[in-house]
Amino acid sequence: MPRLPPIRLVALLLGVFTGACANRSPVAPEAPGAAGLPSVRLYALDCGHIDVKDMGLFADRSPPGGQPGELVVPCFLIQHPRGTLLWDTGLSDALARQAGGAEDPVGNRLRLETSLGVQLTRLGLTPADVRYVGFSHLHADHAGNANAFTASTWLVQRREFEWATQTPTPLGVDPGAFSSWREAKVQLLEGDFDVFGDGSVRIVSTPGHTPGHQSLVLRLRKAGTRVLSGDLCHTRENWVRHGVPAFNTSREDTLASITRVEALLKDSHGHFIVQHAPEDFQSLPAFPLALE
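Those letters in the sequence shown? Residues -22 to -1, 1 to 270, per mature numbering (1 follows the signal peptide of the UniProt record, and there is no 0), in order.
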């Protein structure tokens, strides 16, 4: 089996694909309430795929189901007039050099066709050009290329950072993936954070999957409000029915976070993007096109 930097129990990290929220149909020239918003672009980058042996792991309370499935592992590049934010860094680019990918410890296959670095190059960027890197959480499939961004400011919840760096290492965390944190500027957040100070790109605290999990709220001129889930909800069914997988660190916190984001979306008439859902990913503009 090809060797891979430690990715421990990555199956416990991921969400299940379900229905799409954003779509490819033409959008209105300007979303309600868009007056005064800066020009912000959202690029969806393909940062890996996972062939899962049993999708039952991600159902409410994680009953075994025996049905296989595929998950996508996206990264998102947000271009703002005041700088660039990369949201999550996907599976390690080392996978792109391994034909056929590699297996994780529980038999799921991890695959990556094009590295994050190559995709940034297609946008005319290098890691040094990325002003901020925001991590929904520090599981290996969301922080796999963190060490490439030592020139960036890392945006992570204090609770998440303290949890992910404790001894023994929590399941699903690969400390080596973000071991260069001492060289980067790490901004430890204590809740919500307005990244550029104008309300167009906001991190919101959504604990439950992990203690310091966070999601990203975008207000786009044409497409309106979009929430990038991280792993707040692992399937569309869980979003609709408030289901919580057994491996989340807190069921109570997860349910409270879901309720909070539901209210935010209702007020803004926004859409929720399940990051690991192939349908949601495919409904976004195909890279290198952008949602605006």
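We put the beta carbon where it would ideally sit given N, CA and C, even for glycine.
Buried or exposed (CB count within 10 angstroms, at least 16 for buried), residue i
{"i": "R219", "result": "exposed"}
{"i": "H247", "result": "exposed"}
{"i": "E91", "result": "exposed"}
{"i": "F259", "result": "buried"}
{"i": "E138", "result": "buried"}
{"i": "L198", "result": "buried"}
{"i": "L69", "result": "buried"}
{"i": "A74", "result": "buried"}
{"i": "P4", "result": "The predicted position of P4 is uncertain, since its pLDDT is 38 and thus under 50; no value can be drawn from it."}
{"i": "R160", "result": "exposed"}
{"i": "S157", "result": "exposed"}
{"i": "P52", "result": "buried"}
{"i": "D62", "result": "The question names Asp, but residue 62 is Thr in the sequence shown. So T62 ends up on the buried side."}
{"i": "A22", "result": "buried"}
Residue i versus the options, residue with shortest Cα-Cα distance
{"i": "A106", "options": "V239, G221, A126 and L269", "result": "A126"}
{"i": "S228", "options": "G190, N216 and L242", "result": "G190"}
{"i": "V205", "options": "W65, D38 and D29", "result": "W65"}
{"i": "T203", "options": "R89, S193, Q165 and G112", "result": "S193"}
{"i": "L103", "options": "R238, L55, D32 and G208", "result": "L55"}
{"i": "L35", "options": "E257, S70 and N216", "result": "N216"}
{"i": "R180", "options": "L269, V18 and K31", "result": "V18"}
{"i": "G95", "options": "A118, F113, G79 and G122", "result": "G122"}
{"i": "W141", "options": "V252, E230 and G186", "result": "G186"}
{"i": "G154", "options": "L116, S93 and G47", "result": "L116"}
{"i": "L167", "options": "F156, D176, R160 and V182", "result": "V182"}
{"i": "S114", "options": "D170, A264, P16 and G85", "result": "D170"}
{"i": "S40", "options": "G47, P46 and D32", "result": "D32"}
{"i": "G14", "options": "L196, P146 and S178", "result": "S178"}
{"i": "E48", "options": "A118, S93 and R87", "result": "R87"}
{"i": "L101", "options": "K200, Q57 and Q76", "result": "Q57"}
{"i": "W132", "options": "P148, P146, G150 and K163", "result": "K163"}
{"i": "D209", "options": "K200, V239 and A201", "result": "V239"}
Residue i Cβ short of 8 Å to the ligand ADP heavy atom set
{"i": "F250", "result": "Judged by which ligands are present, the structure shown has none, so any question about the ligand ADP falls away."}
Residue i: first and last residue of the uninterrupted beta strand (DSSP E) it sits in
{"i": "Q260", "result": "Element bounds for Q260: not the beta strand (DSSP E) but the alpha helix (DSSP H), P256 to S261."}
{"i": "L194", "result": "Q192 to L198"}
{"i": "R204", "result": "G202 to L206"}
{"i": "V111", "result": "Y110 to G112"}
{"i": "L167", "result": "K163 to L167"}
{"i": "H249", "result": "H249 to I251"}
{"i": "V173", "result": "V173 -> no beta strand (DSSP E), and no H or E assigned at all."}
{"i": "S183", "result": "V179 to S183"}
Run of the alpha helix (DSSP H) containing residue i, from where it starts to where it stops
{"i": "L233", "result": "R229 to S246"}
{"i": "V218", "result": "R214 to R219"}
{"i": "T99", "result": "L94 to R100"}
{"i": "F139", "result": "R136 to A142"}
Please determine if the segment 24 to 31 and the segment 231 to 243 are in contact, where contact requires at least 3 C-beta pairs separated by less than 8 Å. no
Whole runs of the beta strand (DSSP E) within the segment 23 to 86, excluding any shorter than 3 residues: 47 to 58 and 61 to 65
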